[in-house]
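Just so you know, our numbering puts 66 at position 65 of the sequence shown, and the rest follows in order with no gaps. Glycine included, each C-beta is placed from N, C-alpha and C at the ideal position.
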Amino acid sequence: MRVCVVGAGALGGWTALHLLRRGCEVTLCDRWGPANSRATSGDETRVIRGTYGPNGVYTRMVARAIPMWKDAEARYGQKLLQDVGALWMACEADDSYERASEEHLRAAGLGYERLSRTQLEQLYPGVNFAGIGWALFEPSLGYLMARRCCQAVVQAFTEEGGRYVERDGSEPDASIVVHARGPWLEQVTATRQDAFYFGVPARSWKFPAWVDNSAPRFYGIPFNEGRGFKAAKDVPGVEFDPTGGDRTPSSEALDEARRYIAFRFPVLAGAPLLESRVCQYEMSADGHLIIDRVSGSTDEWVAGGGSGHSFKIAPVIGEIVAKAVLGEEAPPSEFSLARFGTGPVVRRWQRA
Ligand SMILES: Cc1cc2nc3c(=O)[nH]c(=O)nc-3n(C[C@H](O)[C@H](O)[C@H](O)COP(=O)(O)OP(=O)(O)OC[C@H]3O[C@@H](n4cnc5c(N)ncnc54)[C@H](O)[C@@H]3O)c2cc1C
């Protein structure tokens with residue numbers, strides 16, 4: 002079977018690799034290259050954690066993705082998963098998300114520790130845990146080297162016999178087409194996300210990859226390769242044009258990040274800004290993935306709607322798409338386009 006996968010981000014790259022390994026003749030094409038700076042996968046790092054609240058489907062996907070990332074590391078001799086630990090901080094006022102996560106973490110066999118506020122304060126001096134009740138800590142997870150991951154996958158794809166071309170994929174030449182065009186998909190809304198990287202006082206100051214689930218939700222990654230302490234707000238921003246949008250960081254978002262950092266990480270108050278980045282989430286209408294045939298088509302598929310959380314599970318998404326395309330197994334119904342019924346597939350997101 003001849004398949005063209007359009008888009009060589011995390012989702013398209015892994016989809017192409019899985020289809021190739023299942024015997025398809027695959028062309029992977031991208032307008033600007035794997036993990037280019039316009040792409041949603043085009044950053045240095047992405048958090049990987051199994052904590053996912055009441056929806057066990059994603060925790061199971063994370064558990065399946067980990068050996069795939071490790072296998073990629075071993076095959077290509079590159080460190081892709083930095084196991085600095087992943088810390089999910091529960092809001093004191095409402096910890097229902099975290100309590101629901103525990104059952105799924107246990108069922109998926111993902112190791113975690115429950116850290117009390119007192120333990121957190123002992124482990125991480127210089128951090129203010131006001132408003133945090135407790136935390137889930139996953140010691141073997143942390144973050145993925147995002148850009149490096151995407152490039153390694155495309156390299157593997159070509160070395161194993163796949164054809165990669167750098168061009169627009171609007172007129173693909175294949176019997177089956179998989180659209181993995183990230184924020185350029187018609188079924189999603191791209192939203193502007195500002196991320197900031199602050200200088201840390203000393204390299205010896207240790208903190209894991211983290212999510213602070215109090216309002217507003219922030220998350221970050223500690224000084225990857227000396228590039229600063231990442232802090233970003235995890236709330237969909239205003240609509241954004243991924244092709245021509247202005248990626249100058251907004252002073253309003255920087256002020257908010259500085260205020261947040263000064264409150265939660267007093268040790269970093271007044272820290273210099275080393276780098277910044279404007280990216281975009283590719284939001285589906287309900288924040289869940291879309292893996293389905295394009296409505297009304299028999300030979301076109303869509304794989305996307307990662308909605309700001311799906312880099313970590315890209316190897317599994319690729320596997321699900323490959324099985325669906327080859328008729329081996331239907332994708333989970335919660336990822337279908339049918340769930341939107343006759344209502345709009347795309348919802349307009351605004352910064353909360
Ligand atoms: C700031 C930010 C932080 C995030 N943090 C996390 C995190 O911590 N953990 C996590 O798991 N996920 C995270 N995510 C989400 C994750 O990065 C995305 O869900 C994932 O990278 C989406 O990958 P993709 O392949 O769908 O899209 P992309 O990476 O955008 O890939 C789409 C590709 O399609 C190409 N393309 C588009 N149109 C065409 C065309 N017509 N012809 C040819 N090529 C085309 C583009 O050039 C691009 O390379 C985050 C996202 C953002 C923005």
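Under three-state DSSP, which class holds residue i?
i	result
residue 7	strand
residue 177	strand
residue 352	Note that residue 352 scores a pLDDT of 41, beneath 50, so its modelled location is shaky and nothing firm can be said.
residue 276	strand
residue 2	coil
residue 59	helix
residue 30	strand
residue 312	coil
residue 1	Residue 1 falls outside the range modelled here, since the chain spans only 2 to 353, and no answer is possible.
residue 293	strand
residue 241	coil
residue 138	strand
residue 144	strand
residue 303	strand
residue 16	helix
Quick one: measure Cβ to Cβ for residue i and residue j, integer angstroms, because I've assumed they're closer than 8 Å.
i	j	result
residue 78	residue 40	With a Cβ gap of about 24 Å, residue 78 and residue 40 do not count as contacting.
residue 50	residue 139	6 Å
residue 265	residue 85	Incorrect: roughly 18 Å between the Cβ atoms, too far for contact.
residue 201	residue 29	With a Cβ gap of about 38 Å, residue 201 and residue 29 do not count as contacting.
residue 136	residue 90	5 Å
residue 4	residue 177	5 Å
Tell me whether residue i, by its Cβ, gets closer than 8 Å to a heavy atom of ligand 1.
i	result
residue 302	no
residue 169	yes
residue 34	yes
residue 206	no
residue 70	no
residue 245	no
residue 188	no
residue 12	yes
residue 30	yes
residue 129	no
residue 278	yes
residue 7	yes
residue 211	no
residue 97	no
residue 19	no
residue 184	yes
residue 42	yes
residue 309	yes
residue 226	no
residue 165	no
residue 312	yes
residue 109	no
Considering Cα atoms alone, identify which of the options is closest to residue i.
i	options	result
residue 305	315, 299 and 298	315
residue 33	243, 71, 237 and 19	243
residue 58	157, 37, 106 and 24	106
residue 320	189, 3, 13 and 264	13
residue 281	192, 311 and 188	192
residue 218	325, 60, 31 and 132	132
residue 213	240, 151 and 222	222
residue 256	237, 277, 268 and 245	277
residue 95	216, 166 and 163	216
residue 289	28, 137, 17 and 340	340
residue 160	337, 27, 274 and 4	27
residue 111	143, 234, 238 and 93	143
residue 205	268, 2 and 259	268
residue 189	152, 241 and 164	241
residue 285	23, 2, 197 and 336	336
residue 196	121, 120, 134 and 275	275
residue 331	211, 294, 300 and 309	294
So, is the C-beta of residue i closer than 9 Å to a C-beta in chain B?
i	result
residue 166	Protein chains in the displayed structure number just one, and chain B is not present.
Report whether the distance from the Cβ of residue i to the nearest heavy atom of ligand 3 is below 8 Å.
i	result
residue 49	In the structure shown, ligand 3 is absent; the only ligands present are ligand 1.
| query | What are the start and end residues of each continuous alpha helix (DSSP H) run of 4 or more residues lying completely inside the segment 71-129, in chain order? | reply | 97-108 and 118-124
| field | Runs of beta strand (DSSP E) lying entirely within the segment 161-233, each at least 3 residues, in chain order | value | Runs of the beta strand (DSSP E) inside the segment 161-233: 164-166, 177-180, 190-199, 210-213 and 219-222.
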